[in-house]
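Enquirer: With positions in the sequence shown counted from 1, the corresponding number in the numbering used here is that position plus 163.
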Amino acid sequence: MNNLKNHVQLSGNVGKAPEILNLSTGKKLARFSLATRETYRNHLGEKITDTQWHAIVAWGKIAEMIEKEVPKGKAVEIEGKLSSRSYTDKNGNRKYVTEVLCRELLFPEK
C-alpha cells in the first residue's frame, strides 16, 4: 500500500457537447461531462441503474482531439487523475470542484 496513486479510469457517454476554450497562452482546454452507469440488484432483487456524472478536463493535443471527434452522446474511455480546485463565483461565494484531468482518451469498439 506504499505505492498509492491518483489514478482514474472511466468508461461512459459524453453528456453534452464539449466546451472548448482557446487560451491567450495558445493552449487549448476542453471540458465536458461524462455519464457512467452501473446496474445492480437491490435487496428485493429489483434491477437498479445508477448514473454518475463526472466533470472531465483535457489540455493540449487531447483537447484538440475532443474538439474534432467528440460530440454529445459519444462513448469514450478516459484515463487520468482527480484534481480539486476552488474558485469564487460572481456572488463572492467560494466554490470547490473535483474534476478528472484526462491524460488519455480512447474510443471503444462498438
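We treat Cβ as the ideally placed atom computed from N, Cα and C, and that holds for glycine.
From a predicted model like this one, the values you see are computed outputs, not experimental measurements.
#1: Using three-state DSSP, classify Glu209 as helix, strand or coil.
#2: Could you name the residues of the same chain whose beta carbon sits closer than 7 Å to that of Ala180, not counting the 5 residues immediately before and after it, in chain order?
#3: Skipping 5 residues on each side, what residues in its chain have a beta carbon closer than 6 Å to that of Leu184?
#4: DSSP has Val233 in a bridge; who is on the other side?
#5: Just mark Val260 as buried or exposed, buried being the case when its beta carbon has 16 or more other beta carbons within 10 Å.
#6: Can you give the beta carbon distance from Leu197 to Gly178, rounded, assuming they're within the 8 Å contact cut?
#7: What did DSSP end up calling Lys258 once you bin it into helix, strand or coil?
#8: Is Leu268 buried or exposed, if buried means 16 or more other CB atoms sit within 10 Å of its CB?
Expert: Considering the structure as presented:
#1: As a position in the sequence shown, residue 209 is number 46, starting the count at 1. Residue state, collapsed to three classes: coil.
#2: Along the sequence shown, read from residue 1 onward, the residue named residue 180 stands at position 17. Cβ within range, chain order: Pro234 and Lys235.
#3: Along the sequence shown, read from residue 1 onward, the residue named residue 184 stands at position 21. Excluding residues up to 5 positions away in sequence, Leu192 lie with their Cβ nearer than 6 Å to the Cβ of Leu184 in the same chain.
#4: Position 70 of the sequence shown, counted from the start, is the residue given in the question as residue 233. Looking at the DSSP assignment, Val233 forms no beta bridge with any residue, so it has no partner.
#5: On the sequence shown, position 97 is the one that residue 260 refers to. Within 10 angstroms of the beta-carbon of Val260 lie fewer than 16 other beta-carbons, which makes it exposed.
#6: Along the sequence shown, read from residue 1 onward, the residue named residue 197 stands at position 34. Along the sequence shown, read from residue 1 onward, the residue named residue 178 stands at position 15. With a beta-carbon spacing of about 7 Å, Leu197 and Gly178 fall inside the 8 Å limit used to define contacts.
#7: Translated into positions along the sequence shown, residue 258 becomes position 95. For Lys258, the secondary structure class from DSSP, reduced to helix, strand or coil, is strand.
#8: Start at 1 with the first residue of the sequence shown, and residue 268 comes out as number 105. It counts as buried.
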